[in-house]
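Chains as they are written, first to last, in this note's numbering: chain A, 3 to 684; chain B, 3 to 684.
Here is the structure we will look at, set down as structure tokens.
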């Protein structure tokens with residue numbers, strides 16, 4: 003659904019319903035803001051008491067307006083909200099900004115009334131932002147429909163929290179950032195993230211899009227919209243809250259909607275090519291850095307400093323952020339050495355070792371050499387630069403050289419290798435020169451490192467496979483049915499037979515190779531209940547175990563299986579969940595039954611092909627266990643990846659399945675084999 | 003060695019040797035600073051050219067001074083440095099601050115000359131700071147012997163980097179912090195960290211000690227000095243650089259001394275009860291928070307906010323920092339509900355949900371309720387507080403109530419449950435009231451969370467066992483000797499026999515239970531070289547493996563061993579290293595041969611007793627693998643801990659051993675048994 007949002011972002015005429023003369027009321031603040039755009043938009047104010055508001059005449063009702071209206075801002079008390087919406091629809095508005103809260107946030111009755119209202123809005127061909135929102139701003143069309151003013155600039159800010167938006171705006175100013183459009187999402191009863199991301203991506207005044215979201219309603223639509231924005235050159239930075247269990251409690255109490263599962267949101271960001279951050283400061287810092295356009299193509303960072311302390315700390319912080327500070331190649335070292343003095347260290351960190359204090363232009367020369375080097379992907383300058391002109395250390399006379407160096411660095415940085423600068427003197431004239439030239443300057447080294455890490459372009463461009471058409475729903479989801487379904491989808495299993503009586507068991511054992519595993523079926527957690535017996539060396543042991551399980555658990559059936567040699571490989575978990583918002587997801591993890599303790603998992607939107615499945619396996623923190631190490635042979639990662647891909651395709655074709663799991667999948671040097679399976683229907 | 007440092011921190015008379023009239027010279031800046039203390043100290047200036055410096059008369063040589071001198075600052079060029087030191091020693095100085103660089107930082111000859119000079123200093127009964135340092139300051143005795151002024155306050159700053167110290171000073175001011183004493187460590191040729199920590203701990207003007215260090219020379223002495231400071235009520239915060247491999251490169255180029263291994267430094271901080279941080283900002287933030295005195299006694303944090311966005315993000319960030327945001331108990335919820343309005347969420351995060359905007363005193367009431375609650379250890383307030391008086395959002399008239407709330411919160415916070423406040427308006431009058439009352443206020447939520455995490459008191463008070471007297475050096479360190487030595491120290495091993503010929507092997511097999519393991523001895527990495535064959539089912543298989551290994555590797559000897567069932571337990575690594583600075587250390591890790599990939603290790607200063615060993619095991623990230631889970635029984639942690647303690651005691655008694663290792667130690671439900679051992683002599 004692509005709707006024309008011109009009436010929202012650049013209306014010819016605006017009415018503020020609930021405009022108030024009382025400075026303590028929202029209706030006053032919004033009217034005050036709206037009137038700032040009076041040169042571009044015809045603006046009317048409605049208040050049922052009439053009179054004047056902010057020196058402007060007020061009409062008592064929407065009906066009394068003597069001209070057509072494109073857009074209505076509604077800031078009336080809850081009791082009059084629906085009536086006001088109907089009135090402006092009757093007046094022919096094409097867009098509504100619904101600030102009023104209290105309708106759809108809680109209770110089934112409220113939500114039903116909100117749904118009915120939205121139907122009327124849509125039937126009238128209008129769009130609605132909110133309700134329960136802080137408003138809408140377009141700084142390039144002088145459309146100021148919020149209680150707050152937002153500093154103009156190139157970032158479109160879509161926020162599910164009003165206070166967060168105000169904080170972000172405050173963080174923007176010192177970073178030279180501003181807002182092109184601001185939309186407070188509110189209840190997203192009509193207009194939601196998906197349409198708004200699309201509308202902002204096509205806005206010429208918008209350079210990047212910032213999203214704060216607790217609840218991604220249409221997950222796949224969000225991925226598509228973000229992908230499209232990123233593909234057409236508008237980066238998207240996502241601050242998605244609710245990763246913690248306590249955070250989820252907070253989110254529920256906030257918007258009355260469930261928080262999307264954090265791992266799925268991260269997978270969606272990865273699939274869409276969005277940059278994910280976790281705090282407002284990181285959001286602002288990343289947006290500041292994106293103004294450079296260039297993003298690190300890899301993890302190798304050159305550190306440039308004068309005086310060891312800052313360089314050493316920078317290396318520690320970069321490595322902790324997942325980046326590398328490799329020793330520079332001989333050629334780069336020679337280039338650096340030729341332009342610095344003999345004390346300088348040119349390995350990496352590059353330490354001017356006093357050359358900066360002799361001549362601040364040393365920084366610019368070293369920086370230029372590093373810009374030329376092909377053995378690093380980004381440059382981090384850290385420490386004293388910015389202080390040479392201040393006389394801070396009793397030294398004087400270095401100001402002009404530092405100023406020249408700053409100009410040179412800003413010129414050399416422009417549009418080339420990405421740069422971050424940490425300075426003890428971030429507000430110094432030299433650092434202001436850098437910032438004005440588009441170089442991101444940070445007061446704290448960990449912020450500089452975090453931005454380099456966050457903006458590093460992943461090894462592979464973002465991509466997500468379409469969800470296939472649903473297959474017929476499964477008739478049964480018991481253990482054997484699950485095994486059969488997965489096997490049919492292409493997942494290899496250990497040989498097994500479902501049996502009931504001891505006679506059947508004895509017969510089945512003849513067709514299988516000892517040692518055996520006996521599983522009591524029909525239990526939710528077989529292992530936990532003691533329903534799985536392994537290492538049964540022969541038929542006698544098998545029959546004895548059967549007799550014991552019959553006595554203890556009286557299960558309806560058993561599975562007798564060949565026992566795999568767990569010592570020959572590695573146990574993985576492969577699972578999938580049908581997410582209410584993002585659809586099919588796939589999970590791989592180390593450790594089989596110990597996965598929860600190890601916490602080494604990767605989640606992606608499903609389905610994935612075997613290449614993407616292999617990449618998921620490679621992203622595991624302990625992926626090196628899959629390789630040859632300490633005398634153990636390399637494991638068959640392609641076979642494991644094929645199994646993961648098969649599971650994910652199967653899951654993506656089955657919206658009738660809520661959760662499914664192969665646990666463990668044993669990966670050996672010569673294949674991958676499933677040892678257990680489980681399917682939970684919706 | 004406890005020496006009297008009065009002549010350093012409060013000298014009756016001072017001479018600045020190398021005082022300069024040239025504002026571009028260090029000798030000018032230092033003289034300028036020193037003269038600020040002229041009311042308390044007699045100050046002389048020496049410059050071989052004579053004349054005047056900064057309006058003061060100058061003598062041409064130390065010999066010409068007409069009065070005795072307590073302390074000399076030496077800021078002459080390198081060529082005249084030793085002569086200057088000898089001259090001031092002849093004049094009877096008791097303390098020397100050696101700013102001059104170039105002597106001991108590089109080259110064997112320079113270090114030898116430095117050593118000789120220090121001998122002369124010590125023979126004269128004097129102490130020396132540096133050389134190659136930025137100076138010494140005591141703000142409470144008006145002793146200003148550095149090129150830079152440092153804002154007065156309660157923190158003693160001991161720094162191995164001059165620039166870092168200047169940055170820390172700049173970070174202190176906005177946090178209401180200042181410096182009692184500053185010592186730039188330089189080469190630590192005479193006075194080092196250990197003595198200086200002790201001297202600052204006994205300084206009445208010092209409330210806390212901040213250390214920036216790349217190279218802890220006397221590790222055990224440092225632990226003792228820091229422990230003593232902490233025990234007597236002076237917290238110590240340590241920023242130790244050089245955690246990364248690249249950082250170590252930088253450190254080497256900086257001070258010409260090796261960087262201590264990061265894990266050992268962290269272990270030392272833990273043992274000493276120091277708070278370790280990794281960046282200058284974190285150092286300043288933690289020191290700011292320590293002014294509250296109260297530190298979190300546990301990980302449970304209550305989040306207080308108005309408006310869900312900030313609360314949700316706070317929960318995410320706290321959990322990412324290793325803290326918990328537990329649901330509040332019914333009683334606490336009732337207390338909160340009684341003082342807030344019905345929309346407010348009282349579970350945790352506590353979300354005023356608009357009550358703050360109605361009445362900012364709601365924050366104070368909720369805060370007071372949380373201060374009373376015994377189900378949380380700390381309180382984190384986050385979001386809009388501070389903005390109600392600014393008219394930022396168009397609302398007005400809330401200033402007085404917010405101001406009263408801030409006063410109430412500061413009063414309630416004082417000396418009780420530790421608090422951190424994040425505000426969108428950190429510079430607002432309300433936040434200044436909080437800060438003036440000792441409440442740490444942060445602009446960024448991740449900084450607030452990091453400080454709560456860093457200052458949380460560990461479950462156990464700091465403690466380190468003394469290093470025992472050395473045992474006689476081992477006569478041999480081959481495989482069998484290592485096994486025997488560990489076994490004698492109390493570590494259980496699988497049964498094994500060292501054999502040479504096939505005949506010996508066959509005989510030995512009779513005394514062991516099949517299946518067997520055969521190890522070719524005399525190879526550095528037996529497993530990697532294919533020198534270990536496992537799963538030999540009977541004597542025939544054993545003899546065949548022997549023949550193969552003889553042919554392939556021709557080892558001098560073999561070990562034939564009973565094979566343990568790896569599936570019955572978990573493989574650990576237990577190791578130890580004699581650190582050149584910190585002495586014996588002990589390591590435990592998950593995964594046996596896979597330890598490096600898993601990266602789940604704990605390091606402590608050795609020796610440890612079995613209680614501390616058990617705590618190390620419990621601190622492993624995946625310690626839950628030791629417990630009963632998913633049908634697997636709990637493992638014998640006490641047995642593993644006894645083995646770790648035995649290894650650590652053995653290692654601590656053997657300075658003749660550089661490294662030792664038991665890998666793997668197999669922990670089963672009924673014990674722990676070593677399967678392999680290795681000792682590397684110095």
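Note that the Cβ used here is the ideal one computed from N, Cα and C, for glycine as well.
request  = Would you decide whether residue 365 (chain B) is buried or exposed? Buried here means 16 or more other CB atoms lie within 10 Å of its CB.
outcome  = Locating residue 365 (chain B) in the second chain gives position 363, where the first residue counts as 1. In the assembly as shown, residue 365 (chain B) is a buried residue. Its beta-carbon has 16 or more other beta-carbons within 10 Å.
request  = Go ahead and pull the three-state DSSP assignment for residue 607 (chain A).
outcome  = Indexing the first chain from 1 puts residue 607 (chain A) at position 605. Strand at residue 607 (chain A).
query = In whole angstroms, what separates the C-alpha of residue 621 (chain B) from that of residue 479 (chain B)?
reply = As a position in the second chain, residue 621 (chain B) is number 619, starting the count at 1. As a position in the second chain, residue 479 (chain B) is number 477, starting the count at 1. Their backbone Cα atoms lie some 31 Å apart in a straight line.
inquiry  = For residue 600 (chain A), would you say it is in contact with chain B, using Cβ-to-Cβ distances shorter than 9 Å as the test?
reply    = Counted from its first residue, the first chain places residue 600 (chain A) at position 598. The beta-carbon of residue 600 (chain A) is placed less than 9 Å from the nearest beta-carbon of chain B.
task = Give the range of the alpha helix (DSSP H) segment to which residue 88 (chain A) is assigned.
result = The residue given as residue 88 (chain A) occupies position 86 in the first chain. Following the DSSP letters along the chain, one finds residue 88 (chain A) inside the alpha helix (DSSP H) bounded by residues 83 to 92.
query = So, are the CB atoms of residue 667 (chain B) and residue 576 (chain B) less than 9 Å apart?
reply = For this step, residue 667 (chain B) is matched to residue 665 along the second chain. For this step, residue 576 (chain B) is matched to residue 574 along the second chain. For residue 667 (chain B) and residue 576 (chain B), yes; Cβs fall inside 9 Å.
ask   = Just curious, the alpha helix (DSSP H) that residue 693 (chain B) is in, first and last residue?
value = With chain B running from 3 to 684 in the structure shown, residue 693 (chain B) is simply not present.
key: Residues within the stretch 149 to 180 of chain B neighbouring chain A, beta-carbon criterion of under 9 Å   = So the list reads 149, 150, 161, 162, 163, 164, 165, 166, 167, 168, 169, 172, 173, given in the order they occur along the chain.
task = For my contact list, residue 518 (chain B) and residue 538 (chain B) are in at a C-beta cut-off of 8 Å; report their separation, rounded to the angstrom.
result = Numbered from its first residue, the second chain carries residue 518 (chain B) at position 516. Numbered from its first residue, the second chain carries residue 538 (chain B) at position 536. The C-beta separation of residue 518 (chain B) from residue 538 (chain B) comes to about 4 Å, placing the pair in contact by the 8 Å criterion.
query = Is there at least one Cβ from chain A nearer than 9 Å to residue 319 (chain B)'s Cβ?
reply = Within the second chain, numbered from 1, the residue matching residue 319 (chain B) stands at position 317. It does: the Cβ of residue 319 (chain B) has a partner Cβ on chain A nearer than 9 Å.
key: DSSP state of residue 280 (chain A) mapped onto helix, strand, coil   = The count along the first chain starts at 1 and reaches residue 280 (chain A) at position 278. In the displayed model, residue 280 (chain A) falls within coil according to three-state DSSP, outside both helix and strand.
key: beta strand (DSSP E) segment containing residue 581 (chain A), residue limits   = Taking the first residue of the first chain as 1, we reach residue 581 (chain A) at position 579. Looking at the DSSP string, the run of the beta strand (DSSP E) that includes residue 581 (chain A) is 572 to 581.
task = Please name the residues in the stretch 440 to 469 of chain B whose beta-carbon is closer than 8 Å to at least one beta-carbon of chain A, in chain order.
result = Of all residues in the stretch 440 to 469 of chain B, the ones placed with a Cβ closer than 8 Å to any Cβ belonging to chain A are 445, 446, 447, 448, in chain order.
request  = Please classify residue 177 (chain B): is it buried, with 16 or more other beta-carbons within 10 angstroms of its beta-carbon, or exposed?
outcome  = Residue 177 (chain B) sits at position 175 when you count from the first residue of the second chain. Taking all protein chains in view, the Cβ of residue 177 (chain B) is crowded by 16 or more other Cβ atoms within 10 Å, so the residue is classified as buried.
inquiry  = I'd like the span of the alpha helix (DSSP H) that includes residue 336 (chain B), first residue to last.
reply    = Residue mapping note: residue 336 (chain B) aligns to position 334 of the second chain, counting from 1. 332 to 341 is the span of the alpha helix (DSSP H), which, as asked, contains residue 336 (chain B).
Neighbouring residues, chain A, relative to residue 390 (chain B) (Cβ below 9 Å) = Counted from its first residue, the second chain places residue 390 (chain B) at position 388. Those within 9 Å of residue 390 (chain B) in chain A number zero; the least Cβ separation is about 12 Å.
inquiry  = Less than 9 Å between the beta carbons of residue 139 (chain B) and residue 128 (chain B), yes or no?
reply    = Along the second chain, read from residue 1 onward, the residue named residue 139 (chain B) stands at position 137. Along the second chain, read from residue 1 onward, the residue named residue 128 (chain B) stands at position 126. Taking 9 Å as the cut-off, the beta carbon of residue 139 (chain B) is found no closer than this to the beta carbon of residue 128 (chain B).
request  = Taking all protein chains shown into account, decide if residue 419 (chain A) is buried (16 or more other Cβ within 10 angstroms of its Cβ) or exposed.
outcome  = The residue you call residue 419 (chain A) lines up with position 417 of the first chain. A buried status is given to residue 419 (chain A), since no fewer than 16 other beta-carbon atoms sit within 10 Å of its beta-carbon.
ask   = Do you know how far the Cα of residue 21 (chain A) is from the Cα of residue 30 (chain A)?
value = Position 28 of the first chain, counting from 1, holds the residue named residue 30 (chain A). Position 19 of the first chain, counting from 1, holds the residue named residue 21 (chain A). Cα-Cα distance, rounded: 6 Å.
Partner residues on chain A for residue 624 (chain B), Cβ-Cβ distance less than 7 Å = The residue you call residue 624 (chain B) lines up with position 622 of the second chain. Going along chain A in sequence order, the residues near residue 624 (chain B) (Cβ under 7 Å) are 599, 600.
Residue 383 (chain B): contacting residues in chain A (beta-carbon distance under 9 Å) = What you label residue 383 (chain B) is simply residue 381 of the second chain in a count that begins at 1. Proximity of chain A to residue 383 (chain B) at the Cβ level (cut-off 9 Å) is not reached, the minimal Cβ distance being about 14 Å.
task = Please say whether residue 228 (chain B) and residue 271 (chain B) have beta carbons closer to each other than 9 Å?
result = Residue mapping note: residue 271 (chain B) aligns to position 269 of the second chain, counting from 1. Residue mapping note: residue 228 (chain B) aligns to position 226 of the second chain, counting from 1. It is a contact, given that the beta carbons lie within the stated cut-off.
ask   = Would you say residue 564 (chain B) faces chain A, with C-beta separation under 9 Å as the test?
value = In the second chain, residue 564 (chain B) corresponds to position 562, counting from 1. Output row for residue 564 (chain B): interface = no.
Neighbour-count burial assignment, residue 656 (chain B), 16 or more Cβ in a 10 Å radius = For the purposes of this step, residue 656 (chain B) is taken as residue 654 along the second chain, with counting starting at 1. Residue burial is scored here from C-beta neighbours: residue 656 (chain B) has at least 16 other C-beta atoms within 10 angstroms and is therefore classed as buried.
inquiry  = Please state whether the Cβ-Cβ distance between residue 175 (chain A) and residue 135 (chain A) is less than 9 Å.
reply    = The sequence position of residue 175 (chain A) within the first chain is 173, counting from 1. The sequence position of residue 135 (chain A) within the first chain is 133, counting from 1. Not closer than 9 Å, so no.
message = With three or more beta-carbon pairs closer than 8 Å as the criterion, would you say the stretch 622 to 642 of chain A touches the stretch 452 to 462 of chain A?
response = These segments do not touch.
message = Could you check whether residue 476 (chain B) and residue 659 (chain B) sit closer than 9 Å to each other, using their CB atoms as the reference points?
response = For this step, residue 659 (chain B) is matched to residue 657 along the second chain. For this step, residue 476 (chain B) is matched to residue 474 along the second chain. Yes, the Cβ-Cβ distance between residue 659 (chain B) and residue 476 (chain B) is below 9 Å.
query = For residue 663 (chain B), which residues in chain A fall below 8 Å Cβ to Cβ?
reply = Start at 1 with the first residue of the second chain, and residue 663 (chain B) comes out as number 661. Within 8 Å of the CB of residue 663 (chain B), no CB atom of chain A is found; the nearest one sits about 13 Å away.
query = Of the choices A:205, A:112, A:213, whose alpha-carbon is the least far from that of residue 6 (chain A)?
reply = Along the first chain, one-based indexing puts residue 6 (chain A) at 4. Answer by Cα proximity: A:205.
task = Give a yes or no on whether the minimum CB-CB distance between residue 595 (chain A) and chain B is below 9 Å.
result = By 1-based counting over the first chain, the position of residue 595 (chain A) is 593. So yes, residue 595 (chain A) belongs to the interface.
inquiry  = Helix, strand or coil, according to DSSP, for residue 222 (chain B) in the structure here?
reply    = Your numbering for residue 222 (chain B) matches position 220 in the second chain. In the structure shown, residue 222 (chain B) falls within a helical segment according to DSSP collapsed to helix, strand and coil.
request  = State the beta-bridge partners of residue 423 (chain B) as determined by DSSP.
outcome  = Position 421 of the second chain holds residue 423 (chain B). Answer is B:383, B:443.
query = Is there at least one Cβ from chain B nearer than 9 Å to residue 427 (chain A)'s Cβ?
reply = Counted from its first residue, the first chain places residue 427 (chain A) at position 425. Closer than 9 Å to some Cβ of chain B, the Cβ of residue 427 (chain A) qualifies, so yes.
message = With the cut-off set at 9 Å, would you say residue 679 (chain B) and residue 663 (chain B) are in Cβ contact?
response = Sequence index remark: in the second chain, residue 679 (chain B) carries index 677 (1-based). Sequence index remark: in the second chain, residue 663 (chain B) carries index 661 (1-based). Yes. Within cutoff.
query = Just reading off the beta strand (DSSP E) that residue 661 (chain B) is part of, what are its end residues?
reply = Taking the second chain and counting its residues from 1, the one referred to as residue 661 (chain B) is at position 659. Residue 661 (chain B) -> beta strand (DSSP E) spans 659 to 670.
task = Report the residue from B:407, B:97, B:220, B:296 whose alpha carbon sits nearest the alpha carbon of residue 8 (chain B).
result = Taking the second chain and counting its residues from 1, one reaches residue 8 (chain B) at position 6. With distances taken between CA atoms, residue 8 (chain B) lies nearest to B:97 out of B:407, B:97, B:220, B:296.
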